[in-house]
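A.B. asks: Take this structure, written in structure tokens, and hold onto it; I'll ask about it next.
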Amino acid sequence: MTTAATTGAGTAAPTAATGAQGAAQSAPHGALAPEHPPRLAFAELHPEFYKAMTRLEIAAAKHVDPTLYELVKIRASQINNCAFCLDMHTKDALAAGESVQRIVQLAAWRESRHFYTERELAALALTEAVTVLTDGFVPDEVYAEAARHFDETSLAHVIGAIIAINSWNRIAVTCRFTPGHYTPGGSRR
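Numbering (my numbering), first residue to last: 583 to 771.
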């Protein structure tokens, strides 16, 4: 296939045919591994759901600080091993002026607390608790700390943001959207 495959997370990504050829030529230790093709053109096959997800994303982002929203999206995507969303949201964060250092340290934010505000730290803890429900609940202390930094309306918006990115992660990971082709400001349906 020589056309872009619609990914469903808001962009069109080149297929394996166009892949990481440019990156492979400049790889310091030889050619890169081949790029995997997407499994499913989700947006094309289930347009009603995709449009609903897009509306969910718009609603989730509406009243959340854009910097905080990108941190939440990156952290949830790290936990969910969603390479496509990591590619997208780290690029968006950098384009919006986020520092490389804060993005790099995000995976170990508990050890690099001094890079983040108390409000961001509370949102990151809540992001992890909502994303990883292995204990079957969000711990009271995590929720209480978030509630200390966000009024009820703002807290509802942050929770909505966390749920939205987790939904996108599950779509992208399941359909195996290919990372590496997103351009900030690019096409988002």
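Here a beta-carbon is modelled for each residue, glycine too, at the ideal position from N, C-alpha and C.
Helix, strand or coil for Val-712 per DSSP?
C.D. replies: The residue labelled residue 712 in the question sits at position 130 within the sequence shown. Residue state, collapsed to three classes: helix.
A.B. asks: Put Leu-627 into one of helix, strand or coil per three-state DSSP.
C.D. replies: Against the sequence shown, residue 627 aligns to sequence position 45. Note: Leu-627 maps to helix in three-state DSSP.
A.B. asks: Leaving out the 5 sequence neighbours to the left and right, which residues in its chain are closer than 8 angstroms to Arg-621 when beta-carbon positions are compared?
C.D. replies: Taking the first residue of the sequence shown as 1, we reach residue 621 at position 39. In chain order, Thr-756, Cys-757 and Arg-758 place their CB closer than 8 angstroms to the CB of Arg-621, counting only its own chain and leaving out the 5 sequence neighbours on each side.
A.B. asks: Can the beta-carbon of Cys-667 be found less than 8 angstroms from the beta-carbon of Ile-747?
C.D. replies: As a first step, residue 667 is located in the sequence shown; it is residue number 85 there, counting from the start. As a first step, residue 747 is located in the sequence shown; it is residue number 165 there, counting from the start. It is a contact, given that the beta carbons lie within the stated cut-off.
A.B. asks: Report all residues from its chain with a CB closer than 8 angstroms to the CB of Asn-662; omit the five preceding and five following residues, and keep chain order.
C.D. replies: Here residue 662 corresponds to residue number 80 of the sequence shown, with the count starting at 1. The residues are Thr-713, Asn-748, Asn-751, Arg-752 and Val-755.
A.B. asks: Between the alpha carbons of Arg-657 and Ala-707, how many angstroms are there, rounded?
C.D. replies: Locating residue 657 in the sequence shown gives position 75, counting from the first residue. Locating residue 707 in the sequence shown gives position 125, counting from the first residue. Each residue's Cα considered, the two are about 10 angstroms apart.
A.B. asks: Going by DSSP in three states, Asn-663 sits in which element: helix, strand or coil?
C.D. replies: On the sequence shown, residue 663 is found 81 positions in, with the first residue counted as 1. Under the three-state reduction of DSSP output, Asn-663 falls in the coil class, being neither helix nor strand.
A.B. asks: Between the Cα of Ala-729 and those of Lys-644, Pro-761, Arg-701 and His-628, spot the shortest distance and give me the residue it belongs to.
C.D. replies: Here the question's residue 729 lines up with position 147 in the sequence shown. Cα-wise, what sits closest to Ala-729 is Arg-701.
A.B. asks: Please return the same chain residues whose Cβ sits closer than 6 angstroms to the Cβ of Pro-761, not counting the five positions on each side in sequence.
C.D. replies: Within the sequence shown, residue 761 is the residue found at index 179, counting from 1. Only Ala-665, Phe-666 and Asp-669 meet the Cβ criterion.
A.B. asks: How is Tyr-651 classed by DSSP in three states: helix, strand or coil?
C.D. replies: Translated into positions along the sequence shown, residue 651 becomes position 69. If DSSP states are grouped into helix, strand and coil, Tyr-651 belongs with the helices.
A.B. asks: If contacts are defined as beta-carbon pairs under 8 angstroms, then Leu-650 and Ala-705 qualify, I think. What distance do you get, rounded to the angstrom?
C.D. replies: In the sequence shown, residue 650 corresponds to position 68, counting from 1. In the sequence shown, residue 705 corresponds to position 123, counting from 1. With a Cβ gap of about 6 angstroms, Leu-650 and Ala-705 count as contacting.
A.B. asks: Which whole-angstrom value is the C-beta distance of Gly-767 and Ala-642, which I expect to be below 8 angstroms?
C.D. replies: Here residue 767 is taken as the residue at index 185 of the sequence shown, counted from 1. Here residue 642 is taken as the residue at index 60 of the sequence shown, counted from 1. So it is not a contact: roughly 19 angstroms between Cβ atoms.
A.B. asks: How many angstroms separate the CA atom of Arg-692 from the CA atom of Ser-681?
C.D. replies: The residue labelled residue 692 in the question sits at position 110 within the sequence shown. The residue labelled residue 681 in the question sits at position 99 within the sequence shown. Cα to Cα, the separation comes out at about 18 angstroms.
A.B. asks: Under a three-way DSSP split, which group does Glu-680 fall into?
C.D. replies: Counted from its first residue, the sequence shown places residue 680 at position 98. Here Glu-680 sits in coil by DSSP.
A.B. asks: With Arg-695 as the anchor, note down where its alpha helix (DSSP H) starts and where it stops.
C.D. replies: By one-based count along the sequence shown, residue 695 stands at place 113. No alpha helix (DSSP H) holds Arg-695; DSSP gives it neither H nor E.
A.B. asks: What three-state label does DSSP hand Asp-733 in the structure shown?
C.D. replies: In the sequence shown, residue 733 corresponds to position 151, counting from 1. Asp-733: coil per DSSP, three-state reduction.
A.B. asks: Taking only the alpha-carbon atoms, compute the straight-line gap between Glu-727 and Gln-687 and give it to the nearest angstrom.
C.D. replies: Within the sequence shown, numbered from 1, the residue matching residue 727 stands at position 145. Within the sequence shown, numbered from 1, the residue matching residue 687 stands at position 105. Glu-727 and Gln-687 have their C-alpha atoms spaced approximately 21 angstroms apart.
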